[in-house]
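Enquirer: Before I ask anything, let me first share the structure, which is written out below as C-alpha cells.
In the numbering used here, the protein residues as written are 1 to 291.
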C-alpha cells in the first residue's frame with residue numbers, strides 16, 4: 001500500500017498484484033499471465049502512463065563502483081496487474097465500538113434522550129458531561145442493554161441488543177453502575193470471584209484486586225470498606241471479566257480527592273491496554289483528565 005503522489009495522504013493505492021519486467025528492460029512485458037483486472041479501464045490508463053514513463057525517463061536506481069557514482073542505469077517500472085484506488089485517511093481509522101443514531105427515550109413526564117447521534121471509537125475514553133437529569137445515565141443504560149430505547153438504532157461492538165446476541169454482548173462488557181449493591185457479608189476476594197464466575201473468560205482474581213489497590217483489604221468484608229474502597233471494588237467487578245468496553249457511571253461522585261485520583265489511575269491503566277471507556281461525570285476536570 002502506498003500514498004498517491006501529491007495527494008496529501010487522502011487517497012491510497014492498493015497494489016493487488018505486481019509482475020516485474022523481464023530482465024528489467026526492453027518491452028517491459030511480464031512473464032506468465034496477468035490476473036484478470038478488477039477495475040476496468042483504470043488499469044489500461046495506468047499501463048499507458050507506465051509505458052510512456054519507461055520510454056521517456058531514465059532509471060532512478062544508482063549503481064556504485066568503488067568510491068565514485070556512475071550514471072543512472074536504465075530501469076523499467078514493474079508491471080501493475082491491478083491497482084484499485086481507495087479513499088482513506090493518512091492514518092488508520094479506528095473501528096467503532098459504540099454507536100447510536102436518532103436515539104430517543106421518553107418517560108411519562110420527560111424526554112430523557114431526544115435524537116442523540118453518537119460514535120465512540122475502539123480504544124477511546126468518551127465522556128458524557130452534564131448536570132443531573134441531562135440523560136447521561138439513560139444513554140449509558142441503553143448501551144448496556146438495561147433500558148430499551150423508544151426510537152433509534154444502537155450498536156455495541158458491531159452487535160445489537162434483542163437480536164439473539166445478548167449473551168455474547170454481555171460477556172464483553174464491564175459495567176459499574178452509580179450504585180453497585182453487593183452483599184456486605186462477603187469479603188472483597190469473594191465478591192470479585194462471584195463476578196468473575198459470570199464470564200466465560202476473564203482476569204485473574206488476585207491481579208484484579210491488585211489493579212484496584214485492594215490487596216490489603218482482600219479478606220475484609222465489604223461492609224467494612226470506606227466509600228472510596230467500595231467504588232474501587234465496583235470497578236474491579238467490572239474489570240474482572242476482561243471487557244472490551246468499560247461503562248463507568250459517575251464513578252467518583254462523593255469521593256474525596258485522594259480516592260478520586262486512585263480511580264483515575266485505574267481508568268488510565270485500562271486505557272493503556274487499549275480498552276474502550278464510556279464515562280459519565282459531573283466534573284469538567286475529570287472529563288479533561290480522562291478523555
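Just so you know, even glycine gets a beta-carbon here, dropped at the ideal spot from N, CA and C.
Fair warning: this is a prediction, and the values are worked out from it, not measured in the lab.
Would you check if there are 3 or more beta carbon pairs closer than 8 Å linking the segment 186-198 to the segment 154-164?
Expert: Too few Cβ pairs lie closer than 8 Å, so no.
Enquirer: Quick one: grab the DSSP three-state call for residue 283.
Expert: For this step, residue 283 is matched to residue 283 along the chain shown. Here residue 283 sits in coil by DSSP.
Enquirer: Would you kindly report the start and end of the unbroken beta strand (DSSP E) that includes residue 197?
Expert: The residue labelled residue 197 in the question sits at position 197 within the chain shown. Element bounds for residue 197: n/a, residue is neither H nor E.
Enquirer: Does the separation of the CB atoms of residue 213 and residue 262 fall below 8 Å?
Expert: Stepping through the chain shown from its first residue, residue 213 is reached at position 213. Stepping through the chain shown from its first residue, residue 262 is reached at position 262. Against a cut-off of 8 Å, the Cβ pair of residue 262 and residue 213 comes out as a contact.
Enquirer: Helix, strand or coil, according to DSSP, for residue 233 in the structure here?
Expert: Here residue 233 is taken as the residue at index 233 of the chain shown, counted from 1. If DSSP states are grouped into helix, strand and coil, residue 233 belongs with the helices.
Enquirer: I need the DSSP call for residue 289, collapsed to helix, strand or coil.
Expert: Residue mapping note: residue 289 aligns to position 289 of the chain shown, counting from 1. Reduced to three states, the DSSP call for residue 289 is helix.
Enquirer: Fully enclosed by the segment 116-166, which beta strand (DSSP E) runs are 3 residues long or longer?
Expert: Within the segment 116-166, the complete beta strand (DSSP E) runs of at least 3 residues are 125-129 and 151-156.
Enquirer: Relative to the C-alpha of residue 112, which residue among 150, 120, 145 and 125 is closest?
Expert: Taking the first residue of the chain shown as position 1, residue 112 is located at position 112. Among 150, 120, 145 and 125, the Cα nearest to that of residue 112 belongs to 150.
Enquirer: Cα-Cα, which of 99, 120, 147 and 130 is closest to residue 106?
Expert: Looking up residue 106 in the chain shown gives position 106. Selected option, being the one with the closest Cα: 147.
Enquirer: Could you give the residue range of the alpha helix (DSSP H) that holds residue 207?
Expert: What you label residue 207 is simply residue 207 of the chain shown in a count that begins at 1. Segment 205-211, the alpha helix (DSSP H) holding residue 207.
Enquirer: Go ahead and pull the three-state DSSP assignment for residue 101.
Expert: Here residue 101 refers to the residue found at position 101 when the chain shown is read from its first residue. Residue 101 falls in the strand class under three-state DSSP.
Enquirer: Tell me, please, which residues DSSP counts as bridged to residue 214.
Expert: Counting from one through the chain shown, the residue named residue 214 turns up at place 214. Residue 214 is not bridged to any residue.
Enquirer: What residue range does the alpha helix (DSSP H) around residue 262 cover?
Expert: Stepping through the chain shown from its first residue, residue 262 is reached at position 262. Here the alpha helix (DSSP H) through residue 262 covers 257-272.
Enquirer: Between 197, 219, 232 and 123, which has its C-alpha nearest residue 211's C-alpha?
Expert: Within the chain shown, numbered from 1, the residue matching residue 211 stands at position 211. Of 197, 219, 232 and 123, the residue nearest in Cα terms is 232.
Enquirer: State the CB to CB distance for the pair residue 176 and residue 235, rounded to an integer number of angstroms; the pair is presumed to be in contact (CB under 8 Å).
Expert: Counted from its first residue, the chain shown places residue 176 at position 176. Counted from its first residue, the chain shown places residue 235 at position 235. Sure, about 5 Å apart at Cβ, within 8 Å.
Enquirer: For residue 143 versus residue 186, is the C-beta distance shorter than 8 Å?
Expert: The residue labelled residue 143 in the question sits at position 143 within the chain shown. The residue labelled residue 186 in the question sits at position 186 within the chain shown. Against a cut-off of 8 Å, the Cβ pair of residue 186 and residue 143 comes out as no contact.
Enquirer: Just curious, the beta strand (DSSP E) that residue 248 is in, first and last residue?
Expert: The residue labelled residue 248 in the question sits at position 248 within the chain shown. Note, residue 248: beta strand (DSSP E), 245-249.
Enquirer: Which whole-angstrom value is the C-beta distance of residue 288 and residue 249, which I expect to be below 8 Å?
Expert: By one-based count along the chain shown, residue 288 stands at place 288. By one-based count along the chain shown, residue 249 stands at place 249. With 8 Å as the limit, residue 288 and residue 249 do not qualify as a contact, their Cβ atoms being about 19 Å apart.
Enquirer: With distances taken from CA atoms, which of 208, 228 and 133 is nearest residue 109?
Expert: As a first step, residue 109 is located in the chain shown; it is residue number 109 there, counting from the start. The shortest Cα separation from residue 109 among 208, 228 and 133 belongs to 133.
Enquirer: With a threshold of 16 other CB atoms inside 10 Å of the CB of residue 179, please say whether the residue is buried or exposed.
Expert: Looking up residue 179 in the chain shown gives position 179. When all chains shown are included, residue 179 counts as exposed.
Enquirer: Expressed to the nearest angstrom, what Euclidean distance is found between the alpha-carbon atoms of residue 274 and residue 122?
Expert: Stepping through the chain shown from its first residue, residue 274 is reached at position 274. Stepping through the chain shown from its first residue, residue 122 is reached at position 122. Computed Cα separation, rounded: 8 Å.
Enquirer: Residue 215: which of 206, 247, 226 and 222 sits nearest, CA to CA?
Expert: Position 215 of the chain shown, counted from the start, is the residue given in the question as residue 215. Residue 215 has its Cα closest to that of 206, out of 206, 247, 226 and 222.
Enquirer: If we ignore side chains and look at the alpha-carbon of each, how far apart do residue 278 and residue 256 end up?
Expert: Along the chain shown, read from residue 1 onward, the residue named residue 278 stands at position 278. Along the chain shown, read from residue 1 onward, the residue named residue 256 stands at position 256. Between residue 278 and residue 256, the C-alpha separation is close to 22 Å.
Enquirer: Report the three-state DSSP secondary structure of residue 312 (helix, strand or coil).
Expert: For the chain, the structure presents residues 1 to 291; residue 312 sits outside this window and is missing.
Enquirer: Among the residues of its own chain, which have a CB less than 8 Å from the CB of residue 131, if the five just before and after it don't count?
Expert: For the purposes of this step, residue 131 is taken as the residue at position 131 of the chain shown. The residues are 282.
Enquirer: Does the beta-carbon distance from residue 239 to residue 199 come in below 8 Å?
Expert: Reading the chain shown from its first residue, position 239 is the one you call residue 239. Reading the chain shown from its first residue, position 199 is the one you call residue 199. Taking 8 Å as the Cβ cut-off, residue 239 and residue 199 do not qualify as a contacting pair.
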